[in-house]
Amino acid sequence: MHNKMVLSFCLVTTLLLGAGYACNSSAQETIKVDGSSTVYPITEAVAEEFQNAKRGKVRVTVGISGTGGGFKKFCRGETDISNASRPIRKIEMEACSQNGIRYIELPVAFDGLSVVVNLQNSWVDCMSVEELKKIWEPEAQGKIKKWNQVRPQWPDADLKLCGAGVDSGTYDYFTEAIVGKEHSSRGDYTASEDDNVLVQFAANEKNALCFFGFAYYEENKDKLKAVPIKSPVDGNCYLPSAENVENGKYQPLSRPLFIYVNAESLAKKPEVREFVEFYINNAKELVPQVGYIALPEKVYRLALERVKAGKTGTVFAGGSEVGVSIEEIVKRETTE
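Right, here's the structure in full:
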């Protein structure tokens with residue numbers, strides 16, 4: 017509404033005073049964010065609070081191109097911030113470097129990537145990594161089509177698969193954690209970078225098996241069932257939950273979430289610096305509100321120090337890294 021009012025005022029004033037009048041287009045600064053649909057709810061919540069605090073002086077746009085799609089735009093210099101549900105990959109580092117884009121990597125939350133089924137599913141009480149791999153590995157395409165092919169006591173019913181699209185960091189992480197190789201899976205499944213599409217698929221299809229970010233499961237608990245995952249560490253089955261992610265029991269599907277900030281935007285655009293600092297200072301409160309797991313206060317403090325020092329680069333080797341715990345994040349941030 018505010019934007020429409022400003023545009024209307026500009027148009028009327030231009031008509032009254034003649035073509036020589038130029039409306040002040042800098043009345044509202046814009047911060048461009050794109051990337052992960054998993055991180056989207058966090059950044060959108062922060063953006064809403066920030067815009068309210070700025071009383072319309074700054075506009076924050078948040079897109080959902082997926083982590084990979086977001087990095088493509090970010091490394092071309094088209095966005096100020098990139099949401100990411102995995103660390104930046106080496107090919108993306110190279111693309112940024114070629115275009116002179118330096119970035120500051122900031123962990124903002126932890127996620128328990130969730131495997132879900134339809135509410136009518138009465139047979140799945142736990143799944144192992146091996147069973148998930150049997151379903152999702154590339155060799156399964158056209159061969160593993162029914163539930164009873166995964167476990168004989170399960171029904172002779174068609175598997176209806178859905179999950180994150182190939183531009184998604186969630187897809188990258190899931191394939192690395194389950195199949196053993198990033199970007200390696202069967203292709204005959206319903207894919208989308210929009211998690212809400214996947215939620216609707218799982219809610220409507222009795223034989224569905226899908227994967228997506230924890231917040232989207234949390235928000236739709238009344239429509240879906242989360243599948244407990246058998247831990248490769250102790251052999252017990254654990255549901256995705258804040259407690260199980262925090263204590264390291266929900267493995268191997270727990271992972272850190274990030275924002276990447278264009279260092280030049282941070283240095284030259286005061287509104288970007290203000291937004292990033294606002295993001296870090298309010299993450300501990302807002303992250304749980306949208307269904308994710310907040311990081312320890314110490315990590316946010318270190319992230320803020322990194323922003324103030326303008327420290328660029330990544331503490332990761334490149335791409336998805338399975339088994340990184342909150343403790344490990346603290347350790348890496350501390351030793352950087």
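Sequential numbering of the sequence shown, starting at 17, is according to the working numbering.
Note that CB positions come from ideal geometry on N, CA and C, so glycine has one too.
Sheet register partners of T95 (DSSP bridge): Here the question's residue 95 lines up with position 79 in the sequence shown. Looking at the DSSP assignment, T95 forms no beta bridge with any residue, so it has no partner.
Sheet register partners of D174 (DSSP bridge): Here the question's residue 174 lines up with position 158 in the sequence shown. D174 is bridged to K162.
Distance, R271 Cα to Y187 Cα: Translated into the one-based positions of the sequence shown, residue 187 becomes position 171. Translated into the one-based positions of the sequence shown, residue 271 becomes position 255. The alpha-carbon atoms of Y187 and R271 are separated by roughly 12 Å.
For P354, the three-state DSSP class (helix, strand or coil): There is simply no residue 354 to check, as the chain begins at 17 and stops at 352 in what is shown.
Boundaries of the beta strand (DSSP E) in which C226 is found, first to last residue: Counting from 1 along the sequence shown, the entry for residue 226 is found at position 210. Per DSSP, C226 belongs to the beta strand (DSSP E) from 224 to 228.
Neighbourhood of G192 by C-beta, 7 Å cutoff - its chain only, sequence neighbours within 5 removed: By one-based count along the sequence shown, residue 192 stands at place 176. Residue identity check: residue 192 is Glu in the sequence provided, not Gly. Answer for E192: E198, S336, V338, listed in chain order.
Beta-bridge partners of R75, as assigned by DSSP: Here residue 75 refers to the residue found at position 59 of the sequence shown. DSSP lists T46 as partners of R75.
Per-residue DSSP class, three states only, for E121: Residue mapping note: residue 121 aligns to position 105 of the sequence shown, counting from 1. Strand, per DSSP.
Close-in-space but distant-in-sequence residues of the same chain around G334 (CB under 6 Å, 5 per side omitted): Locating residue 334 in the sequence shown gives position 318, where the first residue counts as 1. Around G334: R105, K106.
Spatial neighbours of I345 in its chain, beta-carbon cut-off 7 Å, leaving aside the 5 residues before and after: Numbered from 1 along the sequence shown, position 329 holds the residue referred to as residue 345. Only P123, P272, L311, V315 meet the Cβ criterion.
Reference Y276; option with closest CA among C91, K285, V195: Numbered from its first residue, the sequence shown carries residue 276 at position 260. Of C91, K285, V195, the residue nearest in Cα terms is C91.
Three-state secondary structure (DSSP) of V140: Taking the sequence shown and counting its residues from 1, the one referred to as residue 140 is at position 124. Looking at V140 - three-state DSSP - the assignment turns out to be coil, as it is neither helix nor strand.
Whole-angstrom distance between N164 and A125, CA atom to CA atom: Numbered from 1 along the sequence shown, position 109 holds the residue referred to as residue 125. Numbered from 1 along the sequence shown, position 148 holds the residue referred to as residue 164. If I take the Cα positions, the gap works out to 37 Å.
Spatially closest choice to Y266 from N115, M109, S144, by CA coordinates: Here the question's residue 266 lines up with position 250 in the sequence shown. Closest by alpha carbon: S144.
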